[in-house]
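Asks:
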Amino acid sequence: MANKKILLNYERNGTSHTLKSYLSRDGYKTLTDKIPEQKPEQVLDEVKKSGIRGRGGAGFPAGIKWSFLPKESDKPVYLICNGDEGEPGTFKDRVILEENPHMLIEGMILSCYAINAKHAYIYIRGEYGFALRRVQEAVDEAYQAGYLGKKLKGTDYVCDITVHKGAGAYVVGDETGLMNSIEGKKGQTRNKPPFPAIEGLYQCPTIINNVETLASVPWIITNGGDAYHAIGTEKSTGTKLISISGHVCKPGVYEVDLGYPFMDFLNKDCGGVLGSRKLKAVIPGGSSTPVLKPEDCKNMTIDYESIAAAGSSLGSGAIIIIAEGTCMVKTLAVLTHFYHHESCGQCTPCREGTGWLNKIIKRIEAGEGKMEDIDLLTSITKHIAFHTICPLGDAACGPVDSFVKQFRDEFVEHIEKGGCPFGGEFVRFQERV
Amino acid sequence: MKEVTFTVDGKEITVPAGTLIIEACEKNGIYIPRFCYHKHLIPSGNCRMCLVKIEKNPKPQPSCMTPVTDGMVVYTNTPEVIEMRKAMLEFVLINHPLDCPICDKAGECMLQDQYMEFSGDKSRFNETKVAKEKLYHFSDKILYDAERCITCSRCVRFTREISKTNKLGIVERGDKSYIALAHDDTFDDPYSYCVTDLCPVGALTAKYFRFKERVWNLHKTDSICAGCSRGCNISIQTKDNKIYRVVPRENDNVNKSWMCDFARDHYVGPMKNRTTGVKIDHKETSYESFVEEMVSLFKEHAKEMVFILSAYATNEELTLAKQLADSSGVKAIFKKQDRVWNKSTGEVKSDDILIKEDKTPNMTGVQKTFPTAKDMSELVISDYKYAFVWGPNAAMDKLNGLQIISLSAKKDQVSDKAKWAIAGRFAAEKHGSFTNCDGIVQLFRRALKGENNFDELSFFVDLLKGLNVEPVGRTVDEVRNKTVVME
């Protein structure tokens, strides 16, 4: 089955990021040809019809999110493109930002037009220096060519885009945290409600979408929402960028139609597990999604429903392949270290709990664990998950709960043996001060 | 105002629309534990201690952030909520140093109290605690212990919302986060001590009170600050007739939960420059003979006497003074500012928060009792022979050539030069009431024993008796009950 190329519709020759290359691919044609005859409501309708779901991780339908904006408000509306791609294992937005930024800009102009936003922000994480330069260059080119800052052809509509550099915090990937960061505040999330569509950036109605979601908009408007809906499955429409990493022969970013069989993807497209080892575990949607065993993945297809049925989540589409011979306790220690390090410290359960989890798991890995520690882990996660302001708490608990559930025997082995059965010398993760 | 009805723990409650769950519950006798929520700060919802279960809501919600809506069904005592509270206390406590035996907050610590009330469980934490800065000098007044801190952000929000100095912020992330000042800055804020009251644990402490006394040993007296005409509600905390500290009392109409640093520093420590005993011609004499001489003075020379009022006087004393002036025939009545702003002390002249430019507590009471009293600057001494000067800070150059009677707690030029001098009491040493700048009459109780067995009130009572006039009342309460209108 050939997967459709919507987002990666270019040859990777090092020039795809330029305006010239994008125009040669019929870029900005939607703006110049379609917009003069389409009203904002029609654009919004097409996006709704397409059924595209938010690609950042939560999978909320984008068109429905847009329609939450208050109908009558004298405040300006903002659009934010969330390019704070922080979930471990996720690097798909980076490809769009670095290699196809004009498609994102066109998508943002169209989206702004649909929701009547005059000003949009692209928030890019601080670690993406190269992507940031590429996007800034592309925005400058778009201003020079008159797509930004000037009236769109056939309308009175003017759109501006500001590129904003983040300072490096996982929690800013949450929409309200990102807004605080743009406002110049500490990157900590806000309590919801109010939701961003009512009171977001600068207390104004705000729509925030992932890079991939917004970059898909030009194709949807050009070809129609129905055409997009025809790709993928009934409830998971369109294509999805998958960033696959770990013990896999050909790691990288792939564009697949949703509903694509997982095992085909792993073995055919990505060349199978590295070193012909057996598959031990799969983290299917970024580090915060529950880990799956190979038998759960056998008949799984890459779409929201199938992965949910298998007991995990498509998340941001970041598949991490773990091969036989890997110590799962150590893997979990790495993951919990990340969440401990990234906890913003605003609310109690996550601030204190993530560190506690990490300390216990490191102790088990070092062979100093006790049997009651295993149950202690799950009893801690029970009180972190869904008790925090933002989903970081839930994210930190997903892997802990699933690792303990799926690989409990390995934890027991560590404790009984008084050390790591994989012989791996325990590496103490240096805490950055 | 629109009202909404909701159910909490099976009980139907009606409150004004927009009331937060935590407030609605508290008004109806259900206390929801909290750390970061404070009545006079904008809620931040970060301690997660006040989580409650709301029907039809899959996640527990912070009751300090959620306004009540019509028909809402809230549970604050289900096993799930109880377990949640225990878990939050456990989280707060895992990195808390548990140094209660040497912590000044012990005894009034919200963490201690709420742990005792809502948990009491043993710790399951077997790891190393996070080590942080123990002695962070915010200023020469405030010390911060980052290990005790539970980053509830009350202090940060106070400097942003109330004192508006924006001095404090939270730096670092996760369990390493702590409260900090900007680099090379000091916590220079006229209300900085308020953060020590706000701090739910012992992270922020006032240096003047550190290791001085356990809070449960202190005797707490409700009083009114005499530092300016705002009349902040305070609690004077004493032991062995010595003031150890002063903290604000809550009063939504006057000072919310705040008071200024200047007044606190002023109350604590020995009283300077006080007058003592009874003197005639600079010689100690008995109270009885003093009263006798005063009575004859009022009988024979009332017309030649200037009566200068004190704005430190209580309403009850003023009532008797009025009776004295009326019955003896003193006509020339003047008022004065007993204390004026002095830049050199570092005191704030006035601000939009609490501090008023009028640095006396009861000018409103003086004006109400003696509506015709003129300002002392209008005094022309050539018409008079005697001056009855009540309270400190009368302009001496205005009184030259007059024979002075001084009634004052504070020693100054006038009390030194007076022919007749009797010691008064400071506000902390007597009962009474002050009328603040907004006309609110506020009672206060005596926190310290006075040195003498007489005070202003008993002195006026004795004078009236000597003049064969029945005083309105013989005690503070008697006078007040008959005259002062409480609002």
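Protein chains in written order, with the numbering used here: chain A, 21 to 453; chain B, 4 to 490.
Every residue, glycine too, gets a C-beta built ideally from N, C-alpha and C.
Given that Val-133 (chain B) touches chain A, what residues does it touch there, using C-beta distances under 8 Å?
Replies: Taking the second sequence and counting its residues from 1, the one referred to as residue 133 (chain B) is at position 130. Result: Gly-375.
Asks: I'd like to confirm the pairing. Which residues does DSSP put opposite Pro-19 (chain B) in its beta bridges?
Replies: As a working mapping, residue 19 (chain B) is identified with position 16 in the second sequence. B:Glu-6.
Asks: So what's Arg-73 (chain A) in DSSP terms, helix, strand or just coil?
Replies: In the first sequence, the residue the question calls residue 73 (chain A) occupies position 53. Here Arg-73 (chain A) sits in strand by DSSP.
Asks: Relative to the C-alpha of Lys-56 (chain B), which residue among B:Thr-81, B:His-43, B:Gly-48, B:Thr-72 is closest?
Replies: Within the second sequence, residue 56 (chain B) is the residue found at index 53, counting from 1. Closest by alpha carbon: B:Thr-81.
Asks: So with Cβ pairs under 9 Å, would you call Lys-56 (chain B) a contact of chain A?
Replies: One-based indexing of the second sequence puts residue 56 (chain B) at position 53. Residue-level contact check: Lys-56 (chain B) does not touch chain A, since none of the beta carbons of chain A fall below 9 Å from its beta carbon.
Asks: Are Thr-514 (chain B) and Gly-349 (chain B) touching if we call contact CB-CB under 9 Å?
Replies: Because chain B spans 4 through 490 in this model, residue 514 (chain B) falls outside it and cannot be assessed.
Asks: Would you tell me roughly how many angstroms separate the C-alpha atoms of Tyr-181 (chain B) and Ile-339 (chain A), rounded to the nearest one?
Replies: Translated into positions along the second sequence, residue 181 (chain B) becomes position 178. Translated into positions along the first sequence, residue 339 (chain A) becomes position 319. Distance between the alpha carbons of Tyr-181 (chain B) and Ile-339 (chain A) is about 36 Å.
Asks: With a threshold of 8 Å, are at least 3 pairs of Cβ atoms found where one atom belongs to the region 260 to 267 of chain B and the other to the region 240 to 247 of chain B?
Replies: no
Asks: For Leu-405 (chain B), collect the residues of the same chain with a Cβ closer than 8 Å to its Cβ; drop the 5 residues on either side in sequence, then sort them by chain order.
Replies: Taking the first residue of the second sequence as 1, we reach residue 405 (chain B) at position 402. Here the set comprises Val-309, Ile-384, Tyr-387, Lys-388, Tyr-389, Ala-390.
Asks: Using a Cβ cut-off of 8 Å, pull out every chain A residue sitting near Ala-20 (chain B), in sequence order please.
Replies: Here residue 20 (chain B) refers to the residue found at position 17 when the second sequence is read from its first residue. Simply none; closest approach about 16 Å.
Asks: So Met-68 (chain B) contacts chain A; which residues on that side make the cut at Cβ distance below 8 Å?
Replies: Counting from one through the second sequence, the residue named residue 68 (chain B) turns up at place 65. Residues of chain A passing the Cβ test: Asn-211.
Asks: Is the Cβ-Cβ distance between Gly-345 (chain A) and Arg-297 (chain A) less than 9 Å?
Replies: Here residue 345 (chain A) refers to the residue found at position 325 of the first sequence. Here residue 297 (chain A) refers to the residue found at position 277 of the first sequence. Contact: yes.
Asks: Looking at the structure shown, is Ala-412 (chain B) part of a helix, part of a strand, or coil, going by DSSP?
Replies: Stepping through the second sequence from its first residue, residue 412 (chain B) is reached at position 409. Coil.
Asks: From A:Thr-242, A:Pro-60, A:Asp-421, pick the residue whose C-alpha is nearest to that of Ala-137 (chain A); which is it?
Replies: For the purposes of this step, residue 137 (chain A) is identified with residue 117 of the first sequence, where counting begins at 1. Ranking the options by Cα distance to Ala-137 (chain A), first place goes to A:Pro-60.
Asks: Along the beta strand (DSSP E) that carries Met-308 (chain B), what are the first and last residues, could you check?
Replies: Against the second sequence, residue 308 (chain B) aligns to sequence position 305. 308 to 312 is the extent of the beta strand (DSSP E) around Met-308 (chain B).
Asks: Could you tell me which residues DSSP pairs with Thr-168 (chain B) in its beta bridges?
Replies: Position 165 of the second sequence holds residue 168 (chain B). In DSSP, Thr-168 (chain B) forms no bridge with anything.
Asks: Report the residue from A:Cys-132, A:Ile-218, A:Asp-421, A:Gly-146 whose alpha carbon sits nearest the alpha carbon of Glu-92 (chain A).
Replies: As a first step, residue 92 (chain A) is located in the first sequence; it is residue number 72 there, counting from the start. Residue A:Ile-218 is the option with its Cα nearest to Glu-92 (chain A).
Asks: Can you name, in chain order, every residue of its own chain whose Cβ lies under 6 Å from the Cβ of Cys-103 (chain B), other than the five neighbours on each side?
Replies: The count along the second sequence starts at 1 and reaches residue 103 (chain B) at position 100. Taken in chain order, the residues that qualify are Ala-109.
Asks: Out of A:Ala-134, A:Pro-271, A:Pro-441, state which residue places its alpha-carbon closest to the alpha-carbon of Lys-54 (chain A).
Replies: Along the first sequence, one-based indexing puts residue 54 (chain A) at 34. Of the candidates A:Ala-134, A:Pro-271, A:Pro-441, the one whose C-alpha sits nearest the C-alpha of Lys-54 (chain A) is A:Ala-134.
Asks: Helix or strand or just coil, what does DSSP make of Trp-261 (chain B)?
Replies: For this step, residue 261 (chain B) is matched to residue 258 along the second sequence. Note: Trp-261 (chain B) maps to coil in three-state DSSP.
Asks: Kindly give me the distance between the Cβ atoms of Val-294 (chain B) and Asp-465 (chain B), rounded to whole angstroms, as I take these residues to be in contact under 8 Å.
Replies: To locate residue 294 (chain B), count along the second sequence from 1; it is residue 291. To locate residue 465 (chain B), count along the second sequence from 1; it is residue 462. The pair is a contact, with the Cβ atoms about 5 Å apart (cut-off 8 Å).
Asks: Tell me the rounded alpha-carbon separation between Tyr-177 (chain A) and His-139 (chain A).
Replies: Numbered from its first residue, the first sequence carries residue 177 (chain A) at position 157. Numbered from its first residue, the first sequence carries residue 139 (chain A) at position 119. Near 11 Å, if we compare the C-alpha coordinates of His-139 (chain A) and Tyr-177 (chain A).
Asks: Report back the beta-carbon spacing between Tyr-280 (chain A) and Asn-120 (chain A) to the nearest angstrom; my notes put them in contact at under 8 Å.
Replies: Translated into the one-based positions of the first sequence, residue 280 (chain A) becomes position 260. Translated into the one-based positions of the first sequence, residue 120 (chain A) becomes position 100. Not really, about 21 Å apart at Cβ, beyond 8 Å.
Asks: Between Ile-425 (chain B) and His-186 (chain B), what straight-line distance do the alpha-carbon atoms span, to the nearest angstrom?
Replies: Looking up residue 425 (chain B) in the second sequence gives position 422. Looking up residue 186 (chain B) in the second sequence gives position 183. Their Cα atoms are separated by approximately 53 Å.
Asks: Would a check of beta-carbon distances place Thr-79 (chain B) closer than 9 Å to chain A?
Replies: On the second sequence, residue 79 (chain B) is found 76 positions in, with the first residue counted as 1. No, Thr-79 (chain B) does not count as interfacial toward chain A.
Asks: Determine the direct distance from the alpha carbon of Phe-285 (chain A) to that of Thr-50 (chain A), and round the result to whole angstroms.
Replies: Mapped onto the first sequence, residue 50 (chain A) falls at position 30. Mapped onto the first sequence, residue 285 (chain A) falls at position 265. Rounded to the nearest angstrom, the two C-alpha atoms are 32 Å apart.
Asks: Please confirm if Ser-353 (chain B) has its CB atom under 9 Å from at least one CB of chain A.
Replies: For the purposes of this step, residue 353 (chain B) is taken as the residue at position 350 of the second sequence. False, the Cβ-Cβ gap to chain A never drops below 9 Å.
Asks: Determine whether the Cβ of Gly-74 (chain B) lies closer than 9 Å to any Cβ atom of chain A.
Replies: Along the second sequence, read from residue 1 onward, the residue named residue 74 (chain B) stands at position 71. Gly-74 (chain B) does not count as touching chain A.
Asks: If you follow the alpha helix (DSSP H) that Asp-456 (chain A) is in, where does it begin and where does it stop?
Replies: No answer is possible for residue 456 (chain A): the residues shown for chain A start at 21 and end at 453.
Asks: How far does the beta strand (DSSP E) with Asp-395 (chain A) in it reach, from first residue to last?
Replies: The residue you call residue 395 (chain A) lines up with position 375 of the first sequence. Premise fails: Asp-395 (chain A) lies in the alpha helix (DSSP H), 391 to 404, not in any beta strand (DSSP E).
Asks: According to DSSP, is Gly-492 (chain B) part of a helix, a strand, or is it coil?
Replies: Examination of residue 492 (chain B) is not possible in this model, given that chain B is present from 4 through 490 alone.
Asks: For Gly-292 (chain A), which option in A:Leu-117, A:Cys-269, A:Ile-303 has the closest C-alpha, if you only look at C-alpha atoms?
Replies: In the first sequence, counting from the first residue as 1, residue 292 (chain A) sits at position 272. Nearest option by C-alpha distance: A:Cys-269.
Asks: Roughly how far, in whole angstroms, is the beta-carbon of Arg-157 (chain B) from the beta-carbon of Cys-39 (chain B), given that I think they are within contact range, below 8 Å?
Replies: Position 154 of the second sequence holds residue 157 (chain B). Position 36 of the second sequence holds residue 39 (chain B). About 6 Å separates the two Cβ atoms, so the contact holds.
Asks: Run through the DSSP bridge pairs and tell me what Gly-266 (chain A) is partnered with.
Replies: As a first step, residue 266 (chain A) is located in the first sequence; it is residue number 246 there, counting from the start. Bridge partners of Gly-266 (chain A): A:Ile-341.
Asks: How would you call Lys-5 (chain B), buried or exposed, if buried means at least 16 neighbouring beta carbons within 10 angstroms?
Replies: Sequence index remark: in the second sequence, residue 5 (chain B) carries index 2 (1-based). Classification of Lys-5 (chain B): exposed, given that the 10 Å Cβ count is below 16.
Asks: Whose C-alpha, out of A:Ala-158, A:Leu-152, A:Leu-130, A:Ala-189, is nearest the C-alpha of Lys-171 (chain A)?
Replies: The count along the first sequence starts at 1 and reaches residue 171 (chain A) at position 151. For Lys-171 (chain A), the nearest C-alpha among the options comes from A:Leu-130.
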